[in-house]
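**Q** Let me give you the structure first, and then I'll get to my questions.
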Amino acid sequence: MKSQITTLLVLFLLATSCTNESKNKATSSDSEYSEKYSGPIIDMHIHGYTQNGGMFGLTHPTTLRGETYQGAKNIEEHQKQTISKFHEHNVVKAIVTDGHEWYQDNPDIVLIADADEPLDTLRKKHELGKLQAIAEMAPFYAGILADDPSQMKYFELAQELGIPVGFHIFPGGPNYGIHTLPEILGGMRTYNANPLQLEKALAKYPNLKLYIMHGGWPYIEDLKALMYAHPNVYVDIAVTNWILPQEEFNKYLKSLIDAGFGNRIMYGTDQMVWPQVISIGIETVNNADFLTRDQKEDIFFDNAAEFLELSEAEITKLKNP
Ligand SMILES: [Zn+2]
């Protein structure tokens, strides 16, 4: 009888300790998933401008999240608000298209990108240390595909210079822009928004460091196929993180991570003229409840640091200011 009681007692203690252990596990993993990332951020997709006009002052058409954003009035306001958002969110590096002016005041943060120039001009800028990426390539708005001969030369130059090249496809450009902003976005067409248009460039220039700007949503299966075939294809998740509903963003991001591409996803905003979306984009990634703290760090910093070939010394400095 005594031995039976002892056995029961041992079993009871074992069961209690197992329950406590699993409770502890659940608690620690829950906090791992809910922990917000507050470390340094690399934003792979930001715009400066050299002239007023365009979308300045415009209200963004209601997004698929049901939000609108009031555009900065002019170049000065746009720069001031964007840099202020960088400081607020610990953005330590940013690829800035047309970022020459911004570089003067923020040389530690700004990496200059350009694509809307003749090849010789880009080559010269690179020689002078004023071009770190060819981006944002956006023949999209003129109905021209990535494999058009006029575009292939830019990929060739990017490979030759050994610098990243960023190519615009969906969901860049405000939703319904063809209809709501026809003077500026009337050339948007769904038929030239698919990531597969990049494959000829990837086959012809196998050493390209290519990133798809705005991540290629909603062509998720084609995107996975392209990333499966070509290890040098990365994505920035700009626009997806402030134009799509959170659940749709989660599905898109989880699909890429589940497929094994978690180390090729980079944070980006593409604030265009709406700097407030920088806060929303960062919040959306932090709210993706399936991401661990480490996966958030990959997206916000580590993947881009590797893609941009930052030195170990620089990474250490940025992570430990
Ligand atoms: Zn852009």
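Using this note's numbering, you'd call the opening residue of the sequence shown number 132 and step up by one each time.
We put the beta carbon where it would ideally sit given N, CA and C, even for glycine.
(1) Compare the C-alpha of ALA264 against each of LEU339, ASP236, ILE206, VAL408 and name the closest.
(2) Helix, strand or coil for TYR365, going by three-state DSSP, please let me know.
(3) Helix, strand or coil, according to DSSP, for PHE298 in the structure here?
(4) Looking only at C-alpha atoms, which of GLU330, PRO326, TYR365, ALA332 sits nearest to PRO349?
(5) Could you round the C-beta distance between ASN394 and ASP429 to whole angstroms and report it? I think they count as a contact, below 8 Å.
(6) Tell me whether MET358 sits in a helix, a strand or coil according to DSSP, three-state version.
(7) Can you give the Cα-Cα distance for HIS209 and LEU288, rounded to whole angstroms?
(8) Note down the Cα distance separating VAL222 from ILE300, rounded to an integer number of angstroms.
(9) What is the DSSP secondary structure of VAL404, reduced to helix, strand or coil?
(10) At the level of alpha carbons, what is the spacing between ILE294 and ALA246?
(11) PRO280 to GLU248, Cα distance in whole Å?
(12) Hey, which residues come within less than 5 Å of ligand 1, measuring from Cβ to any heavy atom, in chain order?
(13) Would TYR342 and GLY297 be called neighbours here (beta carbons separated by less than 8 Å)?
(14) Pick helix, strand or coil for THR228, following the three-state DSSP scheme.
(15) Using a 10 Å radius around the Cβ and a threshold of 16 neighbouring Cβ atoms, would you call GLY202 buried or exposed?
(16) Within its chain, find whatever has a CB closer than 6 Å to the CB of PHE431; leave out the 5 residues flanking it on each side and keep chain order.
(17) For THR371, collect the residues of the same chain with a Cβ closer than 7 Å to its Cβ; drop the 5 residues on either side in sequence, then sort them by chain order.
**A** A quick look at the data gives this:
(1) Comparing Cα-Cα distances from ALA264 to each of LEU339, ASP236, ILE206, VAL408, the minimum goes to LEU339.
(2) It is a strand residue.
(3) Strand.
(4) In terms of CA proximity to PRO349, PRO326 leads the group GLU330, PRO326, TYR365, ALA332.
(5) So it is a contact: roughly 6 Å between Cβ atoms.
(6) MET358 carries a helical assignment under DSSP once its states are collapsed to helix, strand and coil.
(7) Rounded to the nearest angstrom, the two C-alpha atoms are 31 Å apart.
(8) VAL222 and ILE300: Cα-Cα distance of roughly 24 Å.
(9) The DSSP-derived three-state label of VAL404 is coil.
(10) Rounded to the nearest angstrom, the two C-alpha atoms are 12 Å apart.
(11) Cα-Cα distance, rounded: 16 Å.
(12) In chain order, the hits are GLU267, ASP401.
(13) Yes, they are a contact pair.
(14) Under the three-state reduction of DSSP output, THR228 falls in the strand class.
(15) Taking all protein chains in view, the Cβ of GLY202 is crowded by 16 or more other Cβ atoms within 10 Å, so the residue is classified as buried.
(16) For PHE431, where only same-chain residues beyond five positions count, the Cβ hits under 6 Å are TYR168, ILE172, TYR398.
(17) Non-local beta-carbon contacts of THR371 in its own chain, meaning distances under 7 Å to residues more than five positions away in sequence, involve PRO302, HIS345, GLY346, TRP348, PHE380, TYR383 in chain order.
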